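S.K.: Those protein sequence lines, which keep their order, are chains Z and Y.
The numbers in my numbering rise by one with no breaks, and the one at position 245 of the first sequence is 245.
Each number in my numbering corresponds to the 1-based position in the second sequence with 1000 added.
The C-beta atom is built at its ideal place from N, Cα and C for all residues, glycine as well.
Bear in mind that the values here come from a model prediction, so they are computed numbers and not experimental data.
Okay, handing you the structure first.
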Amino acid sequence: MIVETGHYALVLALALALVQFAIPFVGARLNDAALMRVARPAAIAQFAFIALAYGALTYAHVVSDFSLVNVIENSHSLKPFIYKISGVWGNHEGSMLLWVLVLSLCGALIALFSAAIPDRLRADALAVQGLIGAAFLLFILLTSNPFARVSPAPWEGRDLNPILQDPGLAIHPPLLYLGYVGFSIVFSFAAAALIGGRIDAAWARVVRPWTLFAWIALTLGIAMGSYWAYYTLGWGGFWFWDPVENASLMPWLAGTALLHSAAVMEKREALKIWTIFLSILAFSLSLLGTFLVRSGVLTSVHAFASDPERGVFILAILVFFIGGALALFAIRAGALPTGGLFAPISREGALVLNNLLLSASCATVVIGTLYPLALEALTGEKISVGAPFFNTVLIPIALPLAALMPIGQMLPWKRGDLVAALQRLRIAFVLGVLAAAGFAAAFGTPFLSVVTAGIAIYLIIGGFSDIAQRIALRTTSLWSRLRGVPLSAWGTSIAHAGMGLTLLGLAATGWGVETIVEMKPQQSYDVGPYQLSITAITPRNGPNYSEIYAEMEVRKNGVTLAHIEPAKRFYQARKMARSEAGIVTHGLGQIYAAIGDSHPDGAIDARLYYKPLVTLIWIGALVMAFGGACSLADRRLRIGVARRTPATALPEAAE
Amino acid sequence: MIWIVFALMTGAAVMAVLAPLASRRGTSDDKVADIAFFEAQIAEIDRDRAEGRLDASDAETARTEAARRLLRAGAAPQATATLSRKTPLIAALAAILFIPALALSLYFRLGAAELPDMPLAARLDAQPERTDLAGAVARIEQHLHEHPDDGRGWEVVAPFFLRTGRGEDAIHAYAEALRLLGATAERHAALGEARMIVADGKVTPAAKQDFEAATALDPANVMARYYLAIAAAQAGQKEKAIEQFERLAADAPPDAAWLDAVKAQLATLRGEAAPVATAPATSNPPDSEQGRAIAAMPAGEQQKMIRTMVARLADRLAKNGDDVEGWLKLIRAYSVLADTEKAKQAVGDAHKALATNKGDIARIDALAKELGVGG
Chain Z
1 MIVETGHYAL
11 VLALALALVQ
21 FAIPFVGARL
31 NDAALMRVAR
41 PAAIAQFAFI
51 ALAYGALTYA
61 HVVSDFSLVN
71 VIENSHSLKP
81 FIYKISGVWG
91 NHEGSMLLWV
101 LVLSLCGALI
111 ALFSAAIPDR
121 LRADALAVQG
131 LIGAAFLLFI
141 LLTSNPFARV
151 SPAPWEGRDL
161 NPILQDPGLA
171 IHPPLLYLGY
181 VGFSIVFSFA
191 AAALIGGRID
201 AAWARVVRPW
211 TLFAWIALTL
221 GIAMGSYWAY
231 YTLGWGGFWF
241 WDPVENASLM
251 PWLAGTALLH
261 SAAVMEKREA
271 LKIWTIFLSI
281 LAFSLSLLGT
291 FLVRSGVLTS
301 VHAFASDPER
311 GVFILAILVF
321 FIGGALALFA
331 IRAGALPTGG
341 LFAPISREGA
351 LVLNNLLLSA
361 SCATVVIGTL
371 YPLALEALTG
381 EKISVGAPFF
391 NTVLIPIALP
401 LAALMPIGQM
411 LPWKRGDLVA
421 ALQRLRIAFV
431 LGVLAAAGFA
441 AAFGTPFLSV
451 VTAGIAIYLI
461 IGGFSDIAQR
471 IALRTTSLWS
481 RLRGVPLSAW
491 GTSIAHAGMG
501 LTLLGLAATG
511 WGVETIVEMK
521 PQQSYDVGPY
531 QLSITAITPR
541 NGPNYSEIYA
551 EMEVRKNGVT
561 LAHIEPAKRF
571 YQARKMARSE
581 AGIVTHGLGQ
591 IYAAIGDSHP
601 DGAIDARLYY
611 KPLVTLIWIG
621 ALVMAFGGAC
631 SLADRRLRIG
641 VARRTPATAL
651 PEAAE
Chain Y
1001 MIWIVFALMT
1011 GAAVMAVLAP
1021 LASRRGTSDD
1031 KVADIAFFEA
1041 QIAEIDRDRA
1051 EGRLDASDAE
1061 TARTEAARRL
1071 LRAGAAPQAT
1081 ATLSRKTPLI
1091 AALAAILFIP
1101 ALALSLYFRL
1111 GAAELPDMPL
1121 AARLDAQPER
1131 TDLAGAVARI
1141 EQHLHEHPDD
1151 GRGWEVVAPF
1161 FLRTGRGEDA
1171 IHAYAEALRL
1181 LGATAERHAA
1191 LGEARMIVAD
1201 GKVTPAAKQD
1211 FEAATALDPA
1221 NVMARYYLAI
1231 AAAQAGQKEK
1241 AIEQFERLAA
1251 DAPPDAAWLD
1261 AVKAQLATLR
1271 GEAAPVATAP
1281 ATSNPPDSEQ
1291 GRAIAAMPAG
1301 EQQKMIRTMV
1311 ARLADRLAKN
1321 GDDVEGWLKL
1331 IRAYSVLADT
1341 EKAKQAVGDA
1351 HKALATNKGD
1361 IARIDALAKE
1371 LGVGG
């Protein structure tokens, strides 16, 4: 009964989503207060019903109700409890249900936390949100119903894909979806502004925190996914330029650009139309990502989902919403009032440059991801666009962008002085160069790593230079000076420093060591400054798998640092093998071991890696997200103060 | 019961839409919202100034700018929302009709209201149906998961695993039974047989060890002796295999069901084609209860089929020898089956049958030379 209740709740949610679209939309056109008010309770009720459906599906997974096709195909009675829960979203149907759950959650959040915005804007935004929800609910019910039943029910399920049976999966998709779908809020508001034909004063204020919220979740989701791939796929890599990974990077890049242009818009009322365009773009790229992952046009390490019928359905949704929003933009954008003006050399100008560079990166990733697909569709030729392409194109964009970040922070709003800004950054420049020299002395080549590491250090120091100078310039007590720095300025500095940390971690990959050896027991193998040896190779049984694991000892200068147990697991129900890497974190670097086939003489193939500073890649992402959270916590109504710089020859921008 | 729940849910959904339609409260106007926003912004600047976050000149600049925006918002044309009686009524009626109509019609198409929840634990606890073998196995598995030291359970479930193609599980179950209940010849032999089936009919070293352990405990164990003889045959020790099968046949009671299988093996080993041709019907291996699973042995079956076909081809050529392609096929087949004697004999027979055609003889000789069976 619980299962069918959930199924019915999902159907009701579809009806409510359609009502949430139609009645408030008509209300906004007729300017009827009562009709517009329907949006809020409808959005909240829709969320409640989808949550009920989601709860019912989770229940079915937890109690191993094998009368559901979804449970049969993705669960096993002996699967550990945590994977029974995470297995709900570890498959196509369940993950789509999670997608609409998050979507309706976003709708409910708009309904709950939008007291300050005009009724018409809210009604239109929730109407658009309802329409997106209805499209995806229809998609789920008609092509990917998680509540499909069979009778008689079998006695055992086929188990979850072993690659997905990992704690990483428990966190990664929900975070990623919060990010993807979080952009739907911004999209809905942008569409509402275009439909209504006016940009309210509150618009930018509403958009920036939601963008930040989505961006934080997406940052964490991508970092989590990358770490998960790093330790479960056993290749020692953390980013494969796999289309599914790119699918999450594209909205991140667009979202980062949006974040900055929304900041300009909130404080300076400039870049309004560009912000609306980026709002549409960020969610459109999320939809594109969903299409790529869910339609089965790709076959990649993300091993789930493939069905052409579904693909066409999602493609239709994609075309409708992206095409509709862009058409609306083309028709309406010209009629919207443009915002404040600014000189090219100013905080706004720097942020425009940032936007251009981020958009260029985003376009690169889009092309690199879609081109092979288009080529295969047109000519049948299969090519793979991988790291060489992306590195060649993205590094020349990313490094100047990183170099410009602290300079932008130093420029005042409206009009600025580039020379003065550079002078204020001289300490960061000097430290960056010294750091590069230090890294060159310690690790040596490649040159690119040395330069990148130098820029990373400069970025970290430079990010805080602004705050340091704000504190140093004032004459009051240190505490009140610290208090005088707004939380959002801390957020900027911390997030930029996080970017610097990630950059440093990426630079350090150039100094890593990789060896592929046939390891014999009791024999020592050098990996960078460490020595690894196998003490025993033993079989072991887990709850739903059996494994062979190697007990390895990690030593440095004769001192034993750690014992690791890289393993090869075999999952009986799916007849699939999976490797489990053994990882030791020492300092900020890691020693990574994965085992392969064993030989009759007791030796075993192993891939051993030493990765200096590798953890910084993910620590940097955490720091970035923390910076975002600081900025999000700053809820003041802000105005970017246009400093009256000493009279210079800068062009005077008209108001 | 479930329909009452559905009715309540539908009611809740409809109410969520009706409640705001019934309210007569007015609405905030776009312009009013803008003015309120800029006023709040000015208040915020003043507070920042008071708390020392902004210095005097910055605060003044920001204030001026916000005030300018406020003025601009105040000058915009007014657009007050209407409060009509009719439109909410139409919307309410539409919602009352639309929500249940869509939800029910879609649910009738997709849902299965008559199916109850089927949590696995409850199904395992329920009275088992007599015919539901899979359910019984699932129950035993569940029991074994909780009591992994129940050797009897492992022993009972093992043959079912083997029959349903879960070979690895069967090996595990037999091994557990052996470990927990103690070693007997039967248990060793059964474990060895499971290993052999998993290895596509090959007697692997591990399986051979099991059969040897079985004969050590009981030298008369038929299944172990039978498979050890097969092992010898597979290892190419033909004489040893024949000897072992012969002894097995000699020890057999005359009405033993497995005697036919032994005779068939003997015939094959000795190169007698005739009994092999009828083999599929009679070659039930010994110990029919567990040995029947051997029929599912892919490699063995293949071998058997090939032998049958080869025997048929040999018969046909013996009657009508004017077919060079047939002879070539036969020689190749014997060679693949590692039956050099028969291959040589076939080359000789072909020479006789095709004596009139020099070209054909040359082809036969070329193949014989290639395969190393030159007569």
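Given that isoleucine 117(Z) touches chain Y, what residues does it touch there, using C-beta distances under 7 angstroms?
M.R.: The contacting residues are Ala1033.
S.K.: Going by DSSP, what residue range makes up the alpha helix (DSSP H) through glutamate 1325(Y)?
M.R.: Here the alpha helix (DSSP H) through glutamate 1325(Y) covers 1324-1336.
S.K.: Take glutamate 1039(Y) as the anchor and find which of Arg1072(Y), Arg1085(Y), Gly1348(Y), Leu1021(Y) has the nearest alpha-carbon.
M.R.: Of Arg1072(Y), Arg1085(Y), Gly1348(Y), Leu1021(Y), the residue nearest in Cα terms is Arg1072(Y).
S.K.: Under 7 angstroms Cβ-Cβ, which residues of chain Z neighbour aspartate 1117(Y)?
M.R.: In chain order: Met1, Ile2, Val3, Asp65.
S.K.: Could you check where the beta strand (DSSP E) with histidine 563(Z) kicks off and where it finishes?
M.R.: 559-564 is the extent of the beta strand (DSSP E) around histidine 563(Z).
S.K.: Considering only C-alpha positions, which residue in the set Trp618(Z), Val554(Z), Asp605(Z) is nearest to isoleucine 591(Z)?
M.R.: Taking only the C-alpha atoms, the option nearest isoleucine 591(Z) is Val554(Z).
S.K.: Listing by chain order, which chain Z residues have their CB less than 8 angstroms from the CB of glutamate 989(Y)?
M.R.: Lying outside 1001 to 1375, the shown extent of chain Y, residue 989(Y) is not represented and no answer is given.
S.K.: Using DSSP with H/G/I as helix, E/B as strand and the rest coil, what is proline 539(Z)?
M.R.: Strand.
S.K.: Should leucine 1317(Y) be counted as a contact of the ligand NAD given a C-beta to heavy atom distance under 6 angstroms?
M.R.: Questions concerning the ligand NAD fall outside what the structure shown contains, since it holds no ligand whatsoever.
S.K.: Near leucine 141(Z), which residues of its chain fall below 8 angstroms by C-beta distance, leaving aside the five closest residues on each side in sequence?
M.R.: Within the same chain, leucine 141(Z) has close Cβ partners Leu10, Val11, Leu14.
S.K.: Residues of chain Z with a CB under 9 angstroms from the CB of phenylalanine 1098(Y): which are they?
M.R.: Within chain Z, the residues near phenylalanine 1098(Y) are Ala15, Leu18, Val19, Ala22.
S.K.: For isoleucine 604(Z), which residues does DSSP report across the bridge?
M.R.: Paired residues: Met519(Z), Ser598(Z).
S.K.: Rounding to the nearest angstrom, what Cα-Cα distance links lysine 1240(Y) and arginine 1270(Y) in this structure?
M.R.: Lysine 1240(Y) and arginine 1270(Y): Cα-Cα distance of roughly 12 angstroms.
S.K.: Could you please tell me which residues of the stretch 1199-1217 of chain Y, in chain order, have their CB closer than 7 angstroms to any CB of chain Z?
M.R.: The residues in question: there are none.
S.K.: Among Tyr371(Z), Tyr227(Z), Ala191(Z), whose alpha-carbon lies nearest the alpha-carbon of glycine 386(Z)?
M.R.: Nearest C-alpha to glycine 386(Z): Tyr371(Z).
S.K.: Could you pull out every residue in the same chain whose Cβ sits closer than 6 angstroms to the Cβ of valine 365(Z), ignoring the five residues on either side in sequence?
M.R.: Answer for valine 365(Z): Asn246, Leu249, Met250, listed in chain order.
S.K.: Scan the stretch 1156-1188 of chain Y for residues whose Cβ lies nearer than 8 angstroms to a Cβ of chain Z and list them as they occur along the chain.
M.R.: Listed in sequence order: Glu1168, Asp1169.
S.K.: Which bits of chain Y does alanine 202(Z) rub up against, with CB to CB less than 8 angstroms?
M.R.: Residues of chain Y passing the Cβ test: Ala1033, Asp1034, Phe1037.
S.K.: For leucine 394(Z), which residues from the same chain have a beta carbon less than 7 angstroms from its beta carbon, with the 5 sequence-adjacent residues on both sides left out?
M.R.: Here the set comprises Ser361, Thr364.
S.K.: Cβ of arginine 635(Z) less than 7 angstroms from any chain Y Cβ?
M.R.: Arginine 635(Z) does not count as touching chain Y.
S.K.: Work out the CA separation of glycine 1165(Y) and aspartate 1117(Y) for me, nearest whole Å.
M.R.: The straight-line gap from Cα to Cα measures roughly 29 angstroms.
S.K.: Going by alpha carbons, who is nearest to glycine 1321(Y) out of Arg1332(Y), Lys1208(Y), Ala1353(Y)?
M.R.: Of the candidates Arg1332(Y), Lys1208(Y), Ala1353(Y), the one whose C-alpha sits nearest the C-alpha of glycine 1321(Y) is Ala1353(Y).
S.K.: Tell me, please, which residues DSSP counts as bridged to isoleucine 467(Z).
M.R.: Isoleucine 467(Z) pairs with nothing; no bridge assigned.
S.K.: With distances taken between CB atoms, is the gap from alanine 606(Z) to aspartate 159(Z) smaller than 7 angstroms?
M.R.: No. Outside cutoff.
S.K.: Are the stretch 262-282 of chain Z and the stretch 329-349 of chain Z touching by the rule of at least three beta carbon pairs closer than 8 angstroms?
M.R.: Counting Cβ pairs under 8 angstroms, three or more are found: they touch.
S.K.: Residues in its own chain within less than 6 angstroms of glycine 1375(Y) by CB, not counting five upstream and five downstream?
M.R.: In this prediction, glycine 1375(Y) scores a pLDDT of 49, lower than 50, which makes its location untrustworthy; no coordinate-derived value is stated.
S.K.: With 7 angstroms set as the bound, which would you pick, yes or no: does the beta-carbon of leucine 35(Z) sit closer than that to a beta-carbon of chain Y?
M.R.: Cβ-Cβ to chain Y under 7 angstroms: yes for leucine 35(Z).
S.K.: Can you tell which of Phe189(Z), Pro162(Z), Leu68(Z), Gly505(Z) has its C-alpha closest to the C-alpha of alanine 111(Z)?
M.R.: Checked all of Phe189(Z), Pro162(Z), Leu68(Z), Gly505(Z); the closest Cα to alanine 111(Z) is Phe189(Z).
S.K.: Whose C-alpha, out of Ala1095(Y), Gly1074(Y), Lys1238(Y), is nearest the C-alpha of alanine 1013(Y)?
M.R.: Checked all of Ala1095(Y), Gly1074(Y), Lys1238(Y); the closest Cα to alanine 1013(Y) is Ala1095(Y).
S.K.: Where DSSP assigns a beta bridge to alanine 567(Z), which residues make up the other side?
M.R.: DSSP, once it has assigned bridges, lists Tyr549(Z), Glu580(Z) as partnering alanine 567(Z).
S.K.: Alpha carbon to alpha carbon, how far is alanine 577(Z) from phenylalanine 570(Z)? Give it in angstroms, no decimals.
M.R.: Distance between the alpha carbons of phenylalanine 570(Z) and alanine 577(Z) is about 4 angstroms.
S.K.: Indicate whether arginine 50(Z) and valine 38(Z) have their beta-carbon atoms separated by less than 7 angstroms.
M.R.: For the sequence presented, residue 50(Z) should be read as isoleucine rather than arginine. Taking 7 angstroms as the Cβ cut-off, isoleucine 50(Z) and valine 38(Z) do not qualify as a contacting pair.
S.K.: Quick one: is tryptophan 89(Z) buried, meaning 16 or more other Cβ sit within 10 Å of its Cβ, or exposed?
M.R.: Buried, by the Cβ-count rule.
S.K.: Just to make sure I have the definition right: I need the residues of chain Y whose C-beta is within less than 9 angstroms of the C-beta of valine 128(Z). Which are they?
M.R.: Within chain Y, no residue comes near valine 128(Z); the closest Cβ sits about 18 angstroms away, beyond 9 angstroms.
S.K.: What separation, rounded to the nearest whole angstrom, lies between the Cα atoms of glycine 157(Z) and leucine 504(Z)?
M.R.: Answer to the nearest angstrom: the Cα atoms are 45 angstroms apart.
S.K.: Report yes if the C-beta distance between histidine 61(Z) and phenylalanine 147(Z) is below 7 angstroms; otherwise report no.
M.R.: Contact: no.
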